[in-house]
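Participant:
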Amino acid sequence: MGLEIQSTNLLLVALVISSLLSFSISIVYFEYLKKGGSWRIAFQFFVFLPVLVSLITIFYIAITSNPITTVLYYFISFFVLLLFVGKLPRFKCRKMEEFDKIENLPVFICYEKKGKIYNAWYNLKKKEIGITKSLFEILSEEERRAVFYHEIGHSKVKFWDLMTRLTCFLWLISVSLILTMCGLIVFLSGYNWLNKIVFSATYLAFLPIYAVSFMISSWVNEHEADGYAVRSIGFKPKAQALIKLHVYSSLKGCENTISAIEFPNSFDLEELSFYYVLKAIIRRVFIYMYPQTVLNQPLPETHPPLRLRLEKIVKVQNNE
Ligand SMILES: [Zn+2]
Numbered sequence: 184m185g186l187e188i189q190s191t192n193l194l195l196v197a198l199v200i201s202s203l204l205s206f207s208i209s210i211v212y213f214e215y216l217k218k219g220g221s222w223r224i225a226f227q228f229f230v231f232l233p234v235l236v237s238l239i240t241i242f243y244i245a246i247t248s249n250p251i252t253t254v255l256y257y258f259i260s261f262f263v264l265l266l267f268v269g270k271l272p273r274f275k276c277r278k279m280e281e282f283d284k285i286e287n288l289p290v291f292i293c294y295e296k297k298g299k300i301y302n303a304w305y306n307l308k309k310k311e312i313g314i315t316k317s318l319f320e321i322l323s324e325e326e327r328r329a330v331f332y333h334e335i336g337h338s339k340v341k342f343w344d345l346m347t348r349l350t351c352f353l354w355l356i357s358v359s360l361i362l363t364m365c366g367l368i369v370f371l372s373g374y375n376w377l378n379k380i381v382f383s384a385t386y387l388a389f390l391p392i393y394a395v396s397f398m399i400s401s402w403v404n405e406h407e408a409d410g411y412a413v414r415s416i417g418f419k420p421k422a423q424a425l426i427k428l429h430v431y432s433s434l435k436g437c438e439n440t441i442s443a444i445e446f447p448n449s450f451d452l453e454e455l456s457f458y459y460v461l462k463a464i465i466r467r468v469f470i471y472m473y474p475q476t477v478l479n480q481p482l483p484e485t486h487p488p489l490r491l492r493l494e495k496i497v498k499v500q501n502n503e
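Under my numbering, the residues of the sequence shown are numbered 184 to 503, in order.
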């Protein structure tokens, strides 16, 4: 009985730490959306990263102190990595055709192998921009430029690109470690079933912090690239491109019906509440906890919800 009370306390502590960290990232992210200044979030990560790394180190040392659990850990990490690499978004292009040059970066059109894919990307290694033929066709020339400038933005926002890679790496390691811990507790420990559940839940409670850290740094990376596009080509084409991309992606097959959507010249957005932002983040983290979702899309959502992207670019425009 004594052990059960102690283990429930541990679970509570883990839940409190996890919620506090996730909640405070959400507050700072909300401030960033409202007032700008990605340094706020950068500063927060400066404080957070040591905590995230320390937790990982503690788990790692606990696991690798025993040769059997070390093997289990490497086995699970390998599995997680395979899952991750296997599901990375990849575009098979039938043919790539150079179309233009923007700011000295070549722009290629990718003719998709099958189906319609609405996407554009910046290839860091080759220093080139790609856009799928389908996306190319549904956008006006101005909107395309807004998309290209977003991608150029990615080539400029180096700090957040690095931060996203770092938090993604921490997330991958933490998932492997936490899954190994749960495996050890469930299959190799002599605890009773109640303690097995409570201890596993304790470790799982740490996962959201890593998911939220990775998600928010990736979102800021996208917002910063959006900001670059708005400053380069203006607000309206960027907003239109974002909304079209969103609508067309969720209504594939209805392209002809919706191609006539008209946009107003100014966007009046209702006041964004902190509750909305918090809900958006929490929902994405919890949806993400379903095993089926993880198998379909191992990475937490890398792009912010459309409403938040619009909020940010309206603010960027108003600050100019
Ligand atoms: Zn992007």
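Heads up, the beta-carbon is just placed ideally off N, CA and C, and yes, glycines get one too.
Excluding the 5 residues preceding and the 5 following S432 in the sequence, name in chain order all residues of the same chain whose CB lies nearer than 6 angstroms to its CB.
Facilitator: Excluding sequence neighbours, S432 sits near Y301.
Participant: For Y458, is the classification buried or exposed, using 16 other Cβ atoms within 10 angstroms of its Cβ as the cut-off for buried?
Facilitator: Per the 10 Å Cβ criterion, exposed.
Participant: Measure the CB-CB distance between V211 and R223 and report whether it falls below 8 angstroms.
Facilitator: Taking 8 angstroms as the Cβ cut-off, V211 and R223 qualify as a contacting pair.
Participant: First and last residue of the alpha helix (DSSP H) that includes E445?
Facilitator: Looking at the DSSP string, E445 is not in any alpha helix (DSSP H), and its letter there is neither H nor E.
Participant: Using a beta-carbon distance below 8 angstroms, is F262 in contact with chain D?
Facilitator: Of the chains in the structure shown, none is chain D; there is only one protein chain.
Participant: Look up K284 in the DSSP assignment and say whether it is helix, strand or coil.
Facilitator: In this structure, K284 counts as strand in the three-state DSSP scheme.
Participant: Note down, in chain order, each residue of its chain lying with its Cβ closer than 8 angstroms to the Cβ of L489, except the 5 sequence neighbours on either side.
Facilitator: So the list reads L425, I426 and H429, once near-sequence residues are dropped.
Participant: Looking at A384 and L194, is the spacing between their C-beta atoms short of 8 angstroms?
Facilitator: Yes, they are a contact pair.
Participant: Here's a check: name, in chain order, each residue in its chain whose Cβ is nearer than 7 angstroms to the Cβ of F319, leaving out the five neighbours to either side.
Facilitator: So the qualifying residues of the chain are I292 and R327.
Participant: Which residue wins for smallest C-alpha separation from Y411, given the options V497, F450 and Y386?
Facilitator: Here the closest residue by C-alpha is V497.
Participant: Using the Cβ count rule (16 or more neighbours within 10 Å means buried), how would you classify R277?
Facilitator: Exposed is the call here.
Participant: Is W404 buried or exposed, if buried means 16 or more other CB atoms sit within 10 Å of its CB?
Facilitator: For clarity, residue 404 is Asn in the given sequence; the question names Trp instead. Flag for N404 reads buried.
Participant: Give the DSSP-derived three-state secondary structure of T315 in the structure shown.
Facilitator: Residue state, collapsed to three classes: strand.
Participant: Let me check understanding here. Comparing Cα to Cα, which of T191, E214, V199 and A197 lies closest to L461?
Facilitator: Nearest of T191, E214, V199 and A197 to L461, Cα basis: E214.
Participant: Determine the DSSP secondary structure at N302, reduced to helix, strand or coil.
Facilitator: Here N302 sits in coil by DSSP.
Participant: Where does F418 land, buried or exposed, given buried means 16+ other C-beta within 10 angstroms?
Facilitator: Buried, by the Cβ-count rule.
Participant: Assign F291 to one of three DSSP states: helix, strand, or coil.
Facilitator: Of the three classes helix, strand and coil, the one that applies to F291 here is strand, per DSSP.
Participant: Please indicate yes or no: does the CB of E405 lie closer than 7 angstroms to some heavy atom of ligand 1?
Facilitator: Yes - ligand 1 has a heavy atom lying nearer than 7 angstroms to the Cβ of E405.
Participant: In the DSSP assignment, find the alpha helix (DSSP H) that holds I361 and state where it starts and stops.
Facilitator: Unbroken alpha helix (DSSP H) run through I361: K341 to G366.
Participant: Here's a check: name, in chain order, each residue in its chain whose Cβ is nearer than 8 angstroms to the Cβ of C351, leaving out the five neighbours to either side.
Facilitator: If we look at C351 and ignore the five residues flanking it on each side, its Cβ neighbours are F397, S401 and L482.
Participant: Following a CB-centred definition, is G408 positioned closer than 7 angstroms to any heavy atom of ligand 1?
Facilitator: It is worth fixing the name first, because residue 408 is Ala in this sequence and not Gly. Yes, ligand 1 has a heavy atom inside 7 angstroms of this Cβ.
Participant: Is the beta carbon of K310 sitting closer than 8 angstroms to the one on L345?
Facilitator: No, these two residues do not count as a Cβ contact at 8 angstroms.
Participant: What is the DSSP secondary structure of K278, counted as helix, strand or coil?
Facilitator: The answer is strand: DSSP assigns K278 an E or B state.
Participant: State the start and end residues of the unbroken alpha helix (DSSP H) segment that holds S415.
Facilitator: Residues L390 to I416.
Participant: Label T315 either buried or exposed according to how many other C-beta atoms from any shown protein chain fall within 10 Å of its C-beta, with 16 as the threshold for buried.
Facilitator: Buried, since its Cβ has 16 or more Cβ neighbours within 10 Å.
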